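Worksheet: the structure to be examined is printed underneath.
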Amino acid sequence: MTNQENIINKTIIFVKETLKDAEGGHDWFHIERVYKNALLISKTEQVDGFVVALGALLHDIADSKFHNGDETLGPKVAGDFLSGLHVDASTIAHVINIIENISFKGGNETQKFTSPELNVVQDADRLDAIGAIGIARCFNYGGFKNRALYDPEIKPNLNMTKAEYKASNAPTINHFYEKLLLLKDRMNTETGKLIAEKRHEFMLQFLEQFDNEWEGVL
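What follows is the structure, encoded as structure tokens:
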């Protein structure tokens, strides 16, 4: 086993333990799916596979949604952990940049960092937010936050600031229009775009069925 493989294995153990009690849409299984997606996308991209692996595994190690909005905690936890494994400083800095820049943040925020590795991990994470699993995760988190399924009187807000997006308590269906349906056109890689097309169509079919059932239409 190489040193990099050993570090990845230790990272997997660390993430599993850290997220063992996490909300169902942001638990180890979410991380595992993103990790697998990232490895798949990497096959057609020129990237540092070690950075991609660590970025995927650590991208949600302390999601700000579950830590009072603190966006500094995740990068700190990841950086401290990797430093303890004597990972080189440039790799740690790159992984931290991925963690700090991966999230959607309402869609109106300017991404302050970019790299081929971030592109891969970001696509992998976004793929897990759409399609069948994306739908399941969306409603799981909505239930976790005790949000309404749908309220026809509350329209989706497509022009939220970052602060408004983070503070939103809108019905779960609104999240499809405010984020999930926007992700297909924000994919970075060709593989990501290809996979996203099918998952996007599945969400549209789901929303059509949801609307029909809500209105009592055959």
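Going from the sequence shown to the numbering used here is simple: count from 1 and add 19. Backbone N, C-alpha and C define an ideal beta-carbon position, used for all residues, glycine too. If you're wondering where the values come from, they're calculated on a predicted model, not measured in any experiment.
Rounded C-alpha distance that separates residue i from residue j
i, j, result
"M179", "T21", "46 Å"
"P190", "V71", "34 Å"
"T210", "F100", "31 Å"
"T91", "A182", "16 Å"
"S134", "Q224", "34 Å"
"R218", "D46", "21 Å"
"Q65", "D107", "21 Å"
"F158", "S187", "15 Å"
"K84", "G93", "11 Å"
Beta carbon of residue i nearer than 9 Å to that of residue j
i, j, result
"K95", "A112", "no"
"L226", "I173", "no"
"V140", "H49", "no"
"G68", "L58", "yes"
"I149", "L202", "yes"
"D204", "N56", "no"
"F163", "G44", "yes"
"G103", "V114", "no"
Residue i burial status per 10 Å Cβ neighbour count (16 or more: buried)
i, result
"G74", "buried"
"H105", "exposed"
"V236", "exposed"
"E136", "buried"
"G153", "buried"
"F33", "buried"
"E30", "Before going further, note that residue 30 is Thr rather than Glu in the sequence given. It is buried - the Cβ of T30 has at least 16 other Cβ atoms within 10 Å."
"A151", "exposed"
"S61", "buried"
"D144", "buried"
"N116", "buried"
"L168", "exposed"
"L38", "buried"
"F123", "buried"
"F195", "buried"
CB-CB length for residue i against residue j, believed under 8 Å
i, j, result
"D142", "T208", "5 Å"
"N176", "E197", "6 Å"
"Y160", "E234", "Actually they are not in contact, since the Cβ atoms of Y160 and E234 sit about 25 Å apart, beyond 8 Å."
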